[in-house]
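Structure first, commentary second.
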Amino acid sequence: MQTNTKQKKILVTGTAGFIGYHLAEALLKGGYFVVGVDNFTPYYDVRMKEARHKLLQKNKKFHFYKISIADYAALEKVVKKEKPDVIVNLAAQAGVRFSLKDPWSYADANYLGTLNIFEVAQKYRVKRVLFASSSSVYGDNTKTPFSESDATDHPMSVYAASKKGNETLAYAYHSLYGIETAGMRFFTVYGRYGRPDLAIFKFTKNIILGKPINVYNQGAMKRSFTHVDDVVRGVQSLIEKKDLKYEIYNLGGDEVTPLVTFIKMLEKRIGKKAVMNLMSIQAGDVPSTIADTTKARRDLGYRPRVSMEEIVVDFVDWFLENKAWLLKLKEPKQ
Ligand SMILES: NC(=O)c1ccc[n+]([C@@H]2O[C@H](COP(=O)([O-])OP(=O)(O)OC[C@H]3O[C@@H](n4cnc5c(N)ncnc54)[C@H](O)[C@@H]3O)[C@@H](O)[C@H]2O)c1
């Protein structure tokens with residue numbers, strides 16, 4: 001039995017991914033043991049995943065298994081051997097737009113993988129399972145900001161439906177086996193080593209190269225952009241939260257930024273004007289995702305600290321320092 005916070009062992013899935021990498025790094029810094037799992041899917045250039053993984057591997061308290069969470073036997077071996085105190089399931093096929101192209105790829109990681117995580121947790125008595133959900137579960141709700149008590153029965157994409165499915169599955173495992181569980185609805189997360197399929201990466205790259213950027217919904221999209229460090233702090237609070245049954249939390253940023261304002265901030269930091277290709281909204285996408293974080297503030301002491309301006313500065317400076325290899329990455333599949 002673990003007696004000391006510092007000795008807790010956390011199984012994080014998706015550690016070669018953007019949020020998983022940052023969470024694992026923060027946990028290792030905080031003295032936890034981290035068991036990482038990832039299968040390096042080729043949705044975006046795996047060189048980005050390898051770069052993150054290389055940084056984690058430097059730490060002796062990081063044990064890694066290259067397996068798919070959709071492979072129950074492989075996952076069971078890891079959990080049986082490592083006996084984690086908590087599982088944080090971040091592995092997934094991400095991306096709203098790609099789920100229109102290849103909806104099948106969401107079945108493995110998001111549906112089957114999440115089922116396997118809960119099944120293995122109940123079998124090996126892992127007390128707590130935290131998992132990534134998404135603001136996309138709010139579908140085309142027009143009431144903003146989005147609150148956890150709002151209806152989420154109308155997902156607009158296969159990706160959003162898979163995340164809603166994860167939330168209901170978690171409830172079933174909580175009621176059947178008493179697993180302490182929380183679904184974390186993330187809202188457009190940005191930061192260093194960020195995903196090459198997300199707007200901040202694609203925009204920064206194209207502005208540097210003088211190539212046009214696709215600006216959907218004529219730039220009238222609004223987002224609660226969140227810095228990855230704030231998300232990580234939210235997940236850490238949930239790992240340590242004293243009482244947990246079944247909960248859903250919005251973990252989003254505080255500032256709501258229209259897309260055009262965001263592009264202006266990028267132009268300023270990069271020192272170059274963007275060539276904008278104004279387009280209509282894409283199928284599956286929603287014009288506004290704005291977080292009401294009252295519940296996370298109350299229960300977790302969640303306080304997003306990184307401003308939108310700081311998110312842009314942090315990302316652009318990291319990109320410029322690393323542009324030699326970042327500009328060589330293949331275009332993501334979406
Ligand atoms: N980044 C965001 O803005 C955002 C917003 C809302 C929700 N989310 C959710 O947060 C989680 C983490 O997202 P991210 O941005 O780090 O994405 P990411 O794609 O960078 O990371 C996901 C990782 O999971 C791995 N993976 C995929 N299928 C797997 C499988 N079957 N077995 C093992 N590993 C597998 C991938 O190789 C990848 O490294 C995901 O569940 C995502 O849906 C992210």
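Once you know that position 142 of the sequence shown is 142 in the UniProt record's numbering, the rest is easy, because the numbers rise by one and skip nothing. Yeah, the Cβ is synthetic: ideal placement off N, Cα and C, and Gly gets one too. Keep in mind it's a predicted model, so treat the numbers as computed, not measured.
So the candidates are Lys164, Lys205, Ala74, Asp108; which of them puts its Cα closest to the Cα of Asp317?
Lys205
Determine the DSSP secondary structure at His154, reduced to helix, strand or coil.
coil
Going by other Cβ atoms of all chains shown within 10 Å of its Cβ, with 16 needed for buried, is residue 380 buried or exposed?
It is not possible to answer for residue 380, since the shown part of the chain is limited to 1 through 334.
Cα-Cα separation, Gly20 to Tyr193:
11 angstroms
In this structure, what does DSSP give as the bridge partners for Gly183?
Phe131, Ile248
Considering Cα atoms alone, identify which of Lys241, Asp229, Asp285, Val312 is closest to Met265.
Val312
Just checking my contact of Ile281 with Thr144 at CB under 8 angstroms: how many whole Å lie between their CB atoms?
Between Thr144 and Ile281 the Cβ distance is about 16 angstroms, and since that is not below 8 angstroms, they are no contact.
Applying the criterion that 16 or more other CB atoms from any shown protein chain within 10 Å of the CB defines a buried residue, is Phe62 buried or exposed?
buried
Considering only heavy atoms of ligand 1, does any lie closer than 7 angstroms to the CB of Leu90?
yes
Report all residues from its chain with a CB closer than 6 angstroms to the CB of Tyr65; omit the five preceding and five following residues, and keep chain order.
Val37, Val78
Determine contact between the segment 152 to 166 and the segment 223 to 241, defined as no fewer than three beta-carbon pairs at a distance below 8 angstroms.
no
Count the other CB atoms within 10 Å of the CB of Met221; is the residue buried (16 or more) or exposed (fewer)?
buried
Beta carbon of Gly252: closer than 7 angstroms to some heavy atom of ligand 1?
no
Can you find the residues in the same chain that come closer than 6 angstroms, C-beta to C-beta, to Gln7, ignoring five residues on each side of it along the sequence?
none
Does Thr3 come out as helix, strand or coil in the three-state DSSP assignment?
Any answer about Thr3 is weak, because its pLDDT of 43 lies below 50 and its placement is not dependable; what the coordinates show is given next. In this structure, Thr3 counts as coil in the three-state DSSP scheme.
Counting along the chain, where does the beta strand (DSSP E) carrying Ile213 start and finish?
212 to 215
Going along the chain, which residues of its own chain have a beta-carbon closer than 6 angstroms to the beta-carbon of Val120, five neighbours each way excluded?
Leu75, Glu76, Val79
Just to confirm my understanding: we take Arg47, look at its own chain, exclude 5 residues before and 5 after, and list those with CB closer than 7 angstroms. What are they?
Leu329
Mind checking whether Met184 and Ala151 have CB atoms under 8 angstroms apart?
no
For the segment 105 to 124 against the segment 299 to 311, do three or more pairs of beta-carbon atoms, one drawn from each stretch, fall closer than 8 angstroms, so that the two count as touching?
no
Which ranges does the alpha helix (DSSP H) cover as unbroken runs of at least 4 residues, wholly within the segment 11 to 88, from first to last along the chain?
18 to 29, 46 to 57, 72 to 82
By how many angstroms is the C-alpha of Asp45 removed from the C-alpha of Asn59?
24 angstroms
Hey, Ala296 and Tyr249 are a contact pair by Cβ (cut 8 angstroms); roughly how many whole angstroms apart?
5 angstroms
Taking 8 angstroms as the cut-off, decide whether the C-beta atoms of Val189 and Leu130 are in contact.
no
Please go through the same chain and pick out, in chain order, the residues whose beta-carbon is closer than 8 angstroms to the beta-carbon of Tyr72, but skip the five residues on each side of it.
Asn116, Glu119, Val120
Compute the beta-carbon to beta-carbon distance between Val86 and Ile239, rounded to the nearest angstrom, for a pair I have assumed lies under 8 angstroms.
5 angstroms
So which of Tyr138, Ile67, Thr181, Ala94 has the shortest CA-CA distance to Gln122?
Thr181
Do Lys333 and Tyr43 have their CB atoms nearer than 8 angstroms?
yes
Within its chain, find whatever has a CB closer than 8 angstroms to the CB of Glu82; leave out the 5 residues flanking it on each side and keep chain order.
Lys9, Leu11, Val35, His63
If we cut at 8 angstroms on Cβ distances, does Arg97 have a partner in chain C?
Of the protein chains in the structure, only one exists, and it is not chain C.
Flag this pair as yes or no: are the beta carbons of Phe18 and Arg195 separated by less than 8 angstroms?
yes
Please list the terminal residues of the continuous alpha helix (DSSP H) segment that includes Val275.
From DSSP, Val275 is part of no alpha helix (DSSP H) but of the beta strand (DSSP E) over 275 to 278.
With H, G and I counted as helix, E and B as strand and the rest as coil, what does DSSP make of Ser307?
coil
Let me know if Gln2 comes out buried or exposed under the rule of 16 or more other beta-carbons within 10 Å of its beta-carbon.
Residue placement at Gln2 is flagged as unreliable, the pLDDT there being 44, under the threshold of 50; the coordinate-derived value follows with that caveat. Answer is exposed; the Cβ neighbour count stays below 16.
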